[in-house]
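**Q** I'd like to ask some things about the structure below.
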Amino acid sequence: MDERAALRLLSDELAAAGDDAAIVDGLVVTTDMLHDRTDFPDGTTRYTAGWRAVGASLSDIAAMGGSATAAVAAYAAPTFDRDELLAFVRGARDVCEHVGAEYVGGDLDGHDEFTVSTTAIGRTADPVRRSRARPGDVVCVTGTLGRSGAALRLFDRGHTDRANALFRFEPRIATGRALAARASAMMDSSDGLARSLHQLAEASDCGFAIDADRVPIADAVHDVTDGDGDALEVATTFGEDFELVATLPEDALPAVREAADVPLSVVGSVRDAADGITMDGEALADRGYTHG
768 MDERAALRLL SDELAAAGDD AAIVDGLVVT TDMLHDRTDF PDGTTRYTAG
818 WRAVGASLSD IAAMGGSATA AVAAYAAPTF DRDELLAFVR GARDVCEHVG
868 AEYVGGDLDG HDEFTVSTTA IGRTADPVRR SRARPGDVVC VTGTLGRSGA
918 ALRLFDRGHT DRANALFRFE PRIATGRALA ARASAMMDSS DGLARSLHQL
968 AEASDCGFAI DADRVPIADA VHDVTDGDGD ALEVATTFGE DFELVATLPE
1018 DALPAVREAA DVPLSVVGSV RDAADGITMD GEALADRGYT HG
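The sequence shown maps to residues 768 to 1059 in the working numbering.
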């Protein structure tokens, strides 16, 4: 079974499963595992790997509307190269500092493939679940989509400096906090916009109507794609951008936009479940990033 099937299986055993992170007495806890072959293309620096691995867990904190406190990582590799190890730790430390958290260490282990397991913790008194989207709400995304998809094509073409820069995303902790007071549902876009909408629809028993021309596509995507259709495909289905996808009442938009530290784009609206999930009136397929 794939990752989503495994998660459905475990949700029957774990009552708290289903959101980006767990909430325990106001403490937000999340963990992620990344591997060399599936998550770090050739040319990814260890600094970028540290930033990206820890950033992925920090993004889960943001998706719950929490503030970030600290992160740790277990670093496993065939050998421990001094420069690579220091670069990884510096990347992990810098992404934590970027969102007001602290990187506090972790573990080392030998492994035949470079593998990182990260855990982040935060705080929230008002977590945002995936399960409370309501018909009539608007659907918003933070920042722009497609950066990681563009980075992968740049890695393939040997443009590693630019690719690494695109891979170092900013966890949306501050904007997640701004959304927390007003959002009805939220998650991060690590699986892509299309798949995120399907996951929100399943959790909230609703549908969505999305306007393609309102999807905010990163400039870098247009530099590496063949036309608008290809760019939209990368922006909506590649995933791994770690932006926030949120639903909220339309009248809450002005206050949230004023408090947010990045642009917030309205891409559509929440509909009844019977209306399904559509983009420009056509069914939007459940496609996106899936761990093997």
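Using N, Cα and C, we set each Cβ at its ideal position, and we do this for glycine too. Computed from a predicted model, the values in this text were never measured in an experiment.
Taking 7 Å as the threshold (C-beta atoms), are glycine 822 and valine 862 in contact?
**A** Cβ distance < 7 Å, so valine 862 and glycine 822 count as in contact.
**Q** On the premise that valine 1023 lies in contact with leucine 1011, defined as a C-beta separation below 8 Å, what is that separation, rounded to the nearest angstrom?
**A** In fact, because the Cβ distance is near 11 Å, the residues do not count as touching under 8 Å.
**Q** If you draw a straight line from the alpha carbon of alanine 1050 to that of alanine 961, how long is it in whole angstroms?
**A** Near 11 Å, if we compare the C-alpha coordinates of alanine 961 and alanine 1050.
**Q** According to DSSP, is glycine 903 part of a helix, a strand, or is it coil?
**A** Coil at glycine 903, not helix or strand.
**Q** Can you name the residues that DSSP bridges to leucine 1015?
**A** Partner(s): Val905.
**Q** Counting along the chain, where does the beta strand (DSSP E) carrying glutamate 869 start and finish?
**A** Start and end: 869 to 877.
**Q** Give me the Cα-Cα distance between glycine 793 and valine 1001, rounded to the nearest whole angstrom.
**A** One C-alpha to the other measures close to 36 Å.
**Q** So, for glutamate 937: in the same chain, excluding its five sequence neighbours on each side, which residues have a beta-carbon less than 7 Å away from its beta-carbon?
**A** Excluding positions up to five away in sequence, the list reads His865.
**Q** For proline 983, does the count of other Cβ atoms within 10 angstroms reach 16, so buried, or fall short, so exposed?
**A** Classification for proline 983: buried.
**Q** Where does arginine 804 sit, in a helix, a strand or coil, going by DSSP?
**A** Three-state DSSP puts arginine 804 in a helix.
**Q** Between Arg901, Ala788 and Thr1004, which has its C-alpha nearest proline 829's C-alpha?
**A** Contrary to the premise, residue 829 reads as alanine rather than proline in this sequence. Nearest option by C-alpha distance: Ala788.
**Q** Measuring CB atoms only, is the region 885 to 899 touching the region 950 to 964, in the sense that at least three cross pairs come out at less than 8 Å?
**A** Touching, yes, given that three or more Cβ pairs across the two stretches are closer than 8 Å.
**Q** So valine 862 is in the alpha helix (DSSP H); what residue range does that whole segment cover?
**A** Unbroken alpha helix (DSSP H) run through valine 862: 849 to 865.
**Q** Could you tell me the alpha carbon to alpha carbon distance between glycine 1043 and glycine 1006, rounded to whole angstroms?
**A** Using only the alpha carbons, I get a separation of about 21 Å.
**Q** I need the boundaries of the beta strand (DSSP E) containing alanine 841, first residue and last residue.
**A** Residues 834 to 844.
**Q** From which residue to which residue does the beta strand (DSSP E) around arginine 962 run?
**A** Arginine 962 -> not in any beta strand (DSSP E); alpha helix (DSSP H) instead, spanning 960 to 971.
**Q** Examine the Cβ distances between the region 897 to 906 and the region 984 to 1003 and report whether three or more of them are shorter than 8 Å.
**A** Contact fails: fewer than three Cβ-Cβ distances are below 8 Å.
**Q** Output yes or no for whether 7 Å exceeds the beta carbon distance between threonine 891 and valine 796.
**A** Their beta carbons are not under 7 Å apart, which means threonine 891 does not touch valine 796 by this criterion.
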